[in-house]
Amino acid sequence: MRLSTTIATALSMTGGLGLAQSTGPSNLNEALPYWVNGLVPLAYTLQDERLKEQVSTVVDTVLDRIQPDGWIGPETVAGGQRMIWARTLIFLGLTNLADANATYEKPIVDALHRFNGLMNSMLKNNGTGMVYQSGDKLSADDFVWFQARSEDMIVSLQWLLDYHPGNQTNLLKQNIEMIYKYASKWEGWYTEENYVSQDLYDVPASVTDDQWPFLHGVTVAEGLKYAAVMRRSTSNESLLTTAKNGVDWTFKYHGSASGTILADERLAGLNPYYGSELCTDVEVIYSLAYNFYAIGDSDYADRAELAAFNALPAAVSGDWWSHQYMTEPNQPFSKNLSATPFWNVNTLGQTFGVEPDYPCCTVNHPQGYPKFAMYSYVRNGDTGIVHSLLSPGRVQTEIQGKIVSVDCQTDYPFDNTLSYTVDSDVPFQLYLRVPNWATQTKIQGSPRDDSAPKDPKTGLIKLNLPAGTTKFSYQLGMDLITADRANDTVAVYRGPLLYALHIPHTTSAEAPRFYNTQKDYPAGTYPDQAHDYALLNTTEWNVAIDPSTLEYHAGSGSLPEPTFTDGQLPMYMTARACLIDWPMFRGAVPDSPIPKSNRTCLSDIFEATLRPYGSAKLHMSDLPTINLTGK
Ligand SMILES: *[C@@H]1O[C@H](CO)[C@@H](O)[C@H](O)[C@H]1NC(C)=O
Ligand SMILES: *[C@@H]1O[C@H](CO)[C@@H](O)[C@H](O)[C@H]1NC(C)=O
Ligand SMILES: *[C@@H]1O[C@H](CO)[C@@H](O)[C@H](O)[C@H]1NC(C)=O
Ligand SMILES: *[C@@H]1O[C@H](CO)[C@@H](O)[C@H](O)[C@H]1NC(C)=O
Ligand SMILES: *[C@@H]1O[C@H](CO)[C@@H](O)[C@H](O)[C@H]1NC(C)=O
Ligand SMILES: *[C@@H]1O[C@H](CO)[C@@H](O)[C@H](O)[C@H]1NC(C)=O
Ligand SMILES: *[C@@H]1O[C@H](CO)[C@@H](O)[C@H](O)[C@H]1NC(C)=O
Ligand SMILES: *[C@@H]1O[C@H](CO)[C@@H](O)[C@H](O)[C@H]1NC(C)=O
Ligand SMILES: *[C@@H]1O[C@H](CO)[C@@H](O)[C@H](O)[C@H]1NC(C)=O
């Protein structure tokens, strides 16, 4: 979507800035805050003047309309009460802007201090603003978002404490303590007794109803960083176990091969027709990037890359003008379905469009790559820089008052070589992350400090670099790996990239529709590039592969532009394959594959082509296996 249009949409969704109750589709007042959260790091990472101007216009307007008592944003929502939650999102953008642009530091810090004074009196008044519950039991009209997603506010409060406490050190600590006191307790949820590891359809509603905040997909994705955030602010080391259990169990019991969470909208299980919301994908990336930054366990960084290089690009068209609300691991077509396979997502949710279902993903998905870029370089101690999330990018910063710049040029994750040029006025340590899948590492062109091998926990190699210019290349061994999935299927990887059976298709474009009425946007009210699409398979998709015959082909030619255009990346895999019987679920989408013992070839054997998942908009990633030896 063209960004000027995004602002207009976001403004209409929030009923205007700083004004009365929302009149748009979302009564959560979340649209503009989500937009600011993603656009600040996008504008300032790219140093894009056009985007920076848009950010300034919006932030100036928000700051101009602060209420006399310090409240920021639209006045009231549920039941005429002020709810804190949407502020959480805009504060993430504001704190980043204060860091990126000195002009904004004072106005933003002042506004946040005033707000904290107000929030302090609200929280002291029985936690006002945390939650709104209209009756004895939670209902759809109630607001639990801040209680369930408290961690993102703590990120901003901790930033104030660390860098701009002013005279509010005690007040900020009090606010953190009170929010923590009223917050949903993820440390109680991620325990053997309480966590639901089963498929949610196998659990009675009486159990799941009470646990809704812990089962909502996007909230779970955001909550993956709760323990890391709270540990940073409370120093309670037992939260490290909560963080690890939360991440491990979420992906073991409810994770897709592409690195995201299967939750449509509620956590689901492992069936390959369950879906993942685009908002969930980007929140997973941000949470896991934060966890590596705060905890230094390389597993989090591996998982952040997995979601960023697979789940996110698969859900967005190559030109980035359309997206899915919901992506299925096995999805051979993307059209208005005859029935929804999902718990609470409509029949259009898995199509590519402007807002194929709730508009939250339209406004929230732009944070994905900017947050990834933000966390790709982090500090370690006073004199260390860590390349934590591998990708092309350059950082310039100061160490002991001297300028240091690290520039990484690479086609990673599509290639295994990263080329660095470092310019520094001071000796310092550069730490390179070694992903857990890497079979070997090689550094050429710089004296490598062999006395400091890879740290087993952080996965970091330390290079002691002298002042001046240093150039070197860093190579990672990438092997083809298969991982077992449910129903005798495998997922196929090479390095951080998931490969899936690529389904060729026809594409038809229609006018974009409003998500709620499903009526077309009136002609002339949307940019020419905006469409809703139907993608129909032009081949059969009921394919089983013999994994022992998988072969990787590097292909030739450079990366396409845009990178994740369907089917255009040069690298691919092949495997011997045949068609098998594969029933439908609810007559609408492929069911989970039949047991391995029942699989027989219904066709001749052929060579199937697997492509990087992000460039296979129609795909089968949980692939049934079959033994074709001698056939
Ligand atoms: C900071 O924002 C101001 C106000 O929009 C703008 O004039 C200035 O160029 C920005 N500074 C940087 C470094 O981007
Ligand atoms: C405090 O808030 C809780 C939860 O919102 C509510 O149930 C309770 O009645 C409130 N207590 C008072 C004294 O207002
Ligand atoms: C805290 O600082 C603000 C200005 O930053 C000032 O207006 C206020 O009076 C100070 N409060 C106290 C209690 O010192
Ligand atoms: C730390 O958290 C654990 C688990 O939630 C809790 O049992 C323990 O009391 C906490 N410790 C402190 C010092 O607060
Ligand atoms: C999509 O299909 C559903 C039935 O599955 C139907 O009710 C709805 O009108 C269709 N929407 C569009 C835009 O075609
Ligand atoms: C496929 O695997 C899922 C997850 O384990 C399970 O719930 C489902 O029953 C399996 N389907 C079949 C047909 O075995
Ligand atoms: C596409 O998938 C549908 C639904 O399973 C199937 O009936 C059809 O044969 C496939 N199309 C082609 C051209 O193979
Ligand atoms: C698998 O094959 C067995 C034996 O033919 C049959 O009884 C069973 O129903 C089949 N199961 C499925 C899921 O197709
Ligand atoms: C596949 O079948 C062949 C021949 O029947 C057998 O030798 C081989 O062990 C089987 N491979 C696997 C992975 O089961």
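Residues -20 to -1, 1 to 611 (mature numbering (1 follows the signal peptide of the UniProt record, and there is no 0)) are what the sequence shown spells out, left to right.
Glycine included, every Cβ here is placed at the ideal spot set by N, Cα and C.
From the listed residues Gly60, Gln330, Thr438 and Leu242, the smallest Cα separation to aspartate 277 is found for Thr438.
Of the candidates Thr462, Pro309, Trp323 and Gly329, Gly329 places its Cα closest to the Cα of leucine 317. Beta-bridge partners assigned by DSSP to threonine 486: Leu516.
Put simply, the backbone Cα of glycine 50 is about 22 Å away from that of valine 20.
Summarising the contact set, residues whose Cβ lies nearer than 5 Å to any heavy atom of ligand 9 are, in chain order, Asn607 and Thr609. Sequence-distant partners of threonine 518 (beyond 5 residues in either direction) whose C-beta falls short of 7 Å from its own C-beta, in its chain, are Pro484, His485 and Thr486. Within 7 Å of the C-beta of glutamate 520 there is at least one heavy atom belonging to ligand 7. Looking only at Ala295, Val296 and Phe272, the smallest Cα-Cα distance to glutamate 285 is reached by Phe272. Straight across, the Cα-Cα distance linking threonine 68 with cysteine 558 is about 51 Å. Cβ-Cβ separation between serine 256 and alanine 243: approximately 7 Å, consistent with a contact (criterion under 8 Å).
DSSP places tyrosine 349 inside the alpha helix (DSSP H), whose first and last residues are 348 to 354. The continuous beta strand (DSSP E) containing glycine 373 extends over residues 373 to 379. For the pair valine 472 and methionine 553, the CB atoms are nearer than the 8 Å cut-off. Straight-line spacing of the CA atoms in threonine 401 and phenylalanine 452 works out to 7 Å. Cβ atoms of proline 309 and aspartate 468 stay farther apart than 8 Å, at about 15 Å. Look at alanine 295 here: in three-state DSSP terms it is coil, with no helix or strand label. When the Cα atoms are used, tryptophan 125 and valine 111 turn out to be separated by approximately 7 Å. The C-alpha of lysine 86 lies about 30 Å from the C-alpha of alanine 163. When Cβ pairs closer than 8 Å are counted between the two stretches, the region 141 to 154 is seen not to touch the region 194 to 211, the count staying below three. Look at lysine 597 here: in three-state DSSP terms it is coil, with no helix or strand label. Burial state of glycine 594 is buried, judged by a 10 Å Cβ sphere holding 16 or more other Cβ atoms. Counting only the Cα atoms, tyrosine 357 lies some 39 Å from asparagine 326. For tyrosine 181, no alpha helix (DSSP H) run applies, since DSSP gives it neither H nor E. In this structure, arginine 493 has its CB closer than 7 Å to one or more heavy atoms of ligand 5.
Under the DSSP assignment, glutamine 34 falls in the alpha helix (DSSP H) whose first and last residues are 29 to 44. DSSP links aspartate 435 through a beta bridge to no other residue.
Judged by pairs of C-beta atoms under 8 Å, the region 151 to 158 touches the region 92 to 101, as three or more such pairs exist. Membership of phenylalanine 544 in any beta strand (DSSP E) is not indicated, and neither H nor E is assigned to it by DSSP. Closest by C-alpha distance to glutamate 131, out of Asn147, Pro184, Val200 and Lys104, is Val200. Spatial neighbours of alanine 128 in its own chain (CB-CB distance under 6 Å, excluding positions within 5 residues in sequence) are listed in chain order as Ser164, Pro193 and Thr199. In the three-state scheme derived from DSSP, where H, G and I count as helix and E and B as strand, leucine 539 is classed as coil. Counting only the Cα atoms, phenylalanine 394 lies some 16 Å from threonine 421. Threonine 240 sits in coil when the DSSP states are folded into three classes, being neither helix nor strand. Within the model, the alpha-carbon separation for leucine 72 versus asparagine 17 is close to 6 Å. Following the DSSP letters along the chain, one finds asparagine 17 inside the alpha helix (DSSP H) bounded by residues 11 to 26. When only Cα atoms are considered, threonine 342 and proline 507 end up about 15 Å apart.
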